[in-house]
Amino acid sequence: MHGTAIGPLAVVCLLNASTVAAQVIINEFLPDPDGADAGREFVELLNTASEPADLSGLKLEFANGAEGPQWQVRWTGSLGPQLAPGARFLIVDRGWAGAARADAEVSLALQNGPDAIRLVGDGVVLDLVGYGALSDTLLMEGRPVIVAVGRSLARRPDGRDTDDNRADFVAAAPSPGAPNFATRALVALESSVEPPSLSAPGGPVAVAALLRNDGVEDLPTARLRLACGPDTVGAMLDAVPSGQERRVEWLLRPAAAGRWPLQARLELPALPETIVVRLGHLQIGAAELRVSEVLGAPRSGQGEWIELEAVGDPLPTPGAYRLRDEDGGWVALPALDLAAGRRLIVAQDSLALAGWLAANAAGPPDASGCGATIVPAAPWPSLNNAPPDGRTRADRVLLADSLGTILDHADLGEDGRALTGDRSLERVAPGPGASSVAPWAESLAAAGSTPGCPNSVDPPAGAGATGADGLAVDPPLVSRPGGQATVHLRFEVPTGAGGWDLGVFDLDGRPVRDLGGDGLGPGPRALFWDLRDDQARPVAAGGYIVALRWRGGGRGQATPVRRLVVVR
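Residue 10 is where the sequence shown starts when you use my numbering, and the numbers rise one by one after that.
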């Protein structure tokens with residue numbers, strides 16, 4: 010606003026205030042902080058002119074939108090140094106809790122809207138901002154600004170004044186005493202990582218982000234590189250005008266285990282700086298704590314439960330880890346006192362599960378609980394038994410640290426299949442150099458699950474030695490009581506080979522199941538075949554050939570290594 014006079018002294022006041030009117034405006038303010046308002050509200054003034062501004066006698070006033078233009082003084086400028094060109098003056102609420110240095114501390118009580126604030130000098134309205142659902146034109150310039158909880162209302166760019174509050178101000182991250190927006194900046198409005206964790210290096214990860222140019226300058230078309238530890242992959246970012254959005258997608262195949270930050274880097278050749286957008290972290294390989302077994306469709310009264318296994322030394326702090334399913338909120342876990350190799354059962358109903366274990370105490374050893382601790386979780390992340398509309402899996406269990414980094418996950422009922430009643434989903438022990446192919450299988454246990462005990466799909470003790478030609482199959486003869494069984498496959502990629510490919514064929518040479526492969530070079534690998542074909546259907550009884558072929562890399566292989574598996 011440019012000097013609207015109040016009352017009969019309009020001409021005199023306008024002359025006296027003309028210098029200030031051209032200089033000082035409300036540049037940013039926070040009317041609705043996160044949590045309590047006290048000590049967090051602020052109003053930032055900006056001198057937009059090339060000359061110093063005298064703030065003495067200047068008034069910041071507030072009006073309650075429910076009462077109309079009944080103005081109340083919140084701050085009055087006093088004699089002191091003038092405000093330099095381009096400088097900011099920060100007025101904060103009493104008990105200021107922010108880190109920025111305040112120039113004046115008063116009782117602001119801005120409320121959350123619909124309300125208004127204005128600057129007045131010598132009877133002239135120098136600036137006026139209305140916010141919230143206002144209709145009184147005396148409380149705003151043009152249209153009111155929309156309020157967002159925890160977001161300041163900031164001019165974009167700093168100093169912009171078109172006499173239309175909604176056009177001049179946007180919701181932004183609070184920046185009291187500092188520029189509202191950088192010259193060049195990219196922010197992630199949302200991002201996704203699929204899958205959210207990898208059990209081993211080498212698997213594909215699709216990363217997507219919706220980015221907004223929060224800088225005041227347009228960004229040209231440029232390459233946006235995604236870094237995940239030592240691995241990088243590029244994608245083109247189309248030109249982004251200031252304030253506009255673009256969606257970017259990358260396909261990454263991380264080769265190194267670890268908990269790596271995901272960072273998108275925009276390098277502009279004509280400019281010295283690199284713009285970095287942080288997209289969280291990606292866990293590759295086993296973290297210190299992982300999901301080991303999940304029962305999502307109980308029928309025997311024990312309730313749903315999720316088994317966690319300590320791979321390293323989990324943090325003992327309460328709330329250091331949390332769980333949720335695909336559609337629910339996070340549930341913090343209690344303090345964990347777990348040594349490596351020990352298991353913890355997080356139960357929907359801990360008493361019901363303890364009763365189920367007691368009832369099975371005289372049965373198979375793997376239904377005894379093996380001394381594992383059982384803890385309840387509330388609210389329980391109720392697990393879907395069948396895929397809902399629009400999704401190919403029934404549910405997903407997610408394990409995260411306190412920062413929200415996904416440490417592990419388990420997909421339930423993949424490929425549109427419903428969960429099998431009373432039969433858990435178990436993690437297959439990966440072993441050294443394990444492949445990321447198919448790390449889960451339905452339990453083979455007679456009781457349908459192994460809560461607290463070693464998983465039934467783990468390779469038998471002593472398994473894993475490979476033959477002279479590099480492939481071990483265990484067992485080569487499998488029976489399927491209840492239609493469940495698993496064949497474990499271990500091999501050593503020899504020196505000189507670039508990688509491997511593994512497949513299952515019937516006795517006529519027709520492909521049955523592609524078990525994948527990688528190009529990660531020499532070393533041990535371990536995976537399993539769940540006796541299903543590429544369409545996830547159980548295979549018929551009969552003989553099958555497991556064929557292993559080395560990829561190039563200096564060592565050729567004319568004939569694949571073959572093993573016979575008999576299913577009955």
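The C-beta atom is built at its ideal place from N, Cα and C for all residues, glycine as well.
It should be emphasised that the depicted structure is a prediction, and the values quoted were computed from it without experimental measurement.
Sort the options by Cα distance to residue i and report the nearest one.
| i | options | result |
| --- | --- | --- |
| A386 | R333, R351, P485 and R499 | R333 |
| L67 | V115, D131 and P42 | D131 |
| I354 | S433, A118 and D170 | S433 |
| G512 | L480, G505, L345 and P533 | L480 |
| A108 | A506, A187, D543 and P448 | A187 |
| L416 | V548, G551, P503 and R268 | R268 |
| W105 | Q91, F51, Q79 and A72 | F51 |
| G551 | L280, V487 and Y140 | V487 |
| V437 | W538, A349 and L392 | W538 |
| T7 | D510, G380, W339 and W449 | For residue 7 there is no data in the structure shown, the boundaries of the chain being 10 and 577. |
| S301 | E435, G507 and R160 | E435 |
| W365 | Q32, G243 and G312 | G312 |
| R110 | W84, S391, P503 and R49 | R49 |
| L260 | V242, D247 and L246 | V242 |
| S251 | T192, L233, A231 and L298 | T192 |
| A3 | A47, P78 and R255 | Given that the chain is displayed from residue 10 to residue 577, the structure contains no residue 3 and the question cannot be resolved. |
| A535 | A545, V285 and D510 | D510 |
| G77 | S144, L529, S116 and A62 | S144 |
| A236 | V214, I155, T382 and A450 | V214 |
| D112 | A118, V101 and L119 | V101 |
| G141 | W80, A75, A279 and G372 | A75 |
| G526 | T504, D240 and G508 | G508 |
What is the C-beta distance between residue i and residue j, in whole angstroms, given that I count them as a contact (C-beta under 8 Å)?
| i | j | result |
| --- | --- | --- |
| L195 | L275 | 6 Å |
| A266 | G310 | That belief does not hold up - the Cβ atoms of A266 and G310 are roughly 40 Å apart, past 8 Å. |
| D41 | V138 | That pair is no contact at about 14 Å. |
| R127 | V134 | 6 Å |
| A575 | R489 | What sits at residue 575 in the sequence shown is Val, not Ala. Contact doesn't hold; Cβ gap of about 12 Å is too wide. |
| R351 | A319 | 5 Å |
| V216 | L271 | 7 Å |
| P359 | V384 | In the sequence as displayed, the identity of residue 359 is Ser instead of Pro. The pair is a contact, with the Cβ atoms about 7 Å apart (cut-off 8 Å). |
| P323 | L291 | Wrong, their Cβ atoms sit about 19 Å apart, outside the cutoff. |
| P263 | V225 | So it is not a contact: roughly 35 Å between Cβ atoms. |
| G422 | A395 | 6 Å |
| R103 | E114 | 6 Å |
| Q32 | E70 | Actually they do not touch by this definition, with Cβ atoms about 18 Å apart. |
| N56 | A62 | 5 Å |
Give me, in chain order, the residues of the same chain whose beta-carbon lies closer than 6 Å to that of residue i; leave out the 5 immediate sequence neighbours on both sides.
| i | result |
| --- | --- |
| R571 | I554 and A556 |
| A341 | G328 and R331 |
| D228 | Just to set this straight, residue 228 is Leu in the shown sequence, not Asp. Excluding sequence neighbours, L228 sits near N222 and V249. |
| N393 | A403 and D404 |
| E37 | E53, S161, A163 and N189 |
| S452 | R432, S433, E435, S458 and S465 |
| P485 | V574 |
| C379 | G461 and C462 |
Would you call residue i buried or exposed, if buried means 16 or more other Cβ atoms sit within 10 Å of its Cβ?
| i | result |
| --- | --- |
| R405 | buried |
| E258 | exposed |
| A368 | exposed |
| A443 | For A443, the predicted structure reports a pLDDT of 45, less than 50, and the residue's modelled location is therefore unreliable. A value from the coordinates is still provided. By the 10 Å Cβ count, A443 comes out buried. |
| N121 | exposed |
| R499 | buried |
| T283 | exposed |
| G95 | exposed |
| P281 | exposed |
| G399 | exposed |
| L198 | exposed |
| P441 | Interpretation of P441 is limited by its pLDDT of 42, a score under 50 that renders its predicted location unreliable; no figure is taken from the coordinates. |
| D172 | exposed |
| P448 | buried |
| V202 | buried |
| P205 | buried |
Closer than 6 Å: is that where the CB of residue i sits relative to any heavy atom of the ligand PLP?
| i | result |
| --- | --- |
| A427 | No copy of the ligand PLP occurs in the structure displayed, which carries no ligand at all. |
Spatial neighbours of residue i within its chain, please: CB distance less than 8 Å, with the 5 preceding and 5 following residues excluded, ordered by chain position.
| i | result |
| --- | --- |
| S65 | G86, S87, L88 and G89 |
| D543 | P520, V521, R522 and D523 |
Kindly list the residues whose CB is nearer than 7 Å to the CB of residue i, restricted to its own chain and excluding five residues on each side of it in sequence; keep chain order.
| i | result |
| --- | --- |
| S445 | Confidence is the limiting factor: at S445 the pLDDT is only 42, short of 50, which leaves the residue's position unreliable, though a coordinate-based value still follows. So the list reads L207, S208, A209, G211 and G212, once near-sequence residues are dropped. |
| W314 | L304, I354, V355, A356, Q357, L362 and P460 |
| E335 | D404 and R405 |
| R169 | D177 |
| D420 | R402 and R405 |
Taking only beta-carbon positions, decide if residue i is within less than 7 Å of chain B.
| i | result |
| --- | --- |
| I100 | Reference to chain B is not applicable here, since this structure consists of a single protein chain. |
Alpha helix (DSSP H) segments (min. 4 residues) lying fully within the stretch 493-529: DSSP runs (the alpha helix (DSSP H)) wholly in the stretch 493-529: none.
Entirely enclosed beta strand (DSSP E) segments - the stretch 379-432, minimum 3 residues: Here the runs fully enclosed are 382-385, 404-410 and 415-421.
Residue ranges of each beta strand (DSSP E) within the stretch 54-101, 3 or longer: Within the stretch 54-101, the runs of beta strand (DSSP E) that reach at least 3 residues and sit entirely inside it are, in chain order, 68-73 and 81-85.
Any beta strand (DSSP E) of 3 or more consecutive residues that is wholly inside the stretch 171-247: If we require 3 residues or more, the beta strand (DSSP E) runs fully inside the stretch 171-247 come out as 178-181, 195-203, 214-222, 231-237 and 240-246.
Length at least 3, wholly inside the stretch 265-299: the beta strand (DSSP E) runs in chain order: With a minimum length of 3 residues, the continuous beta strand (DSSP E) runs that stay inside the stretch 265-299 are 267-276 and 283-293.
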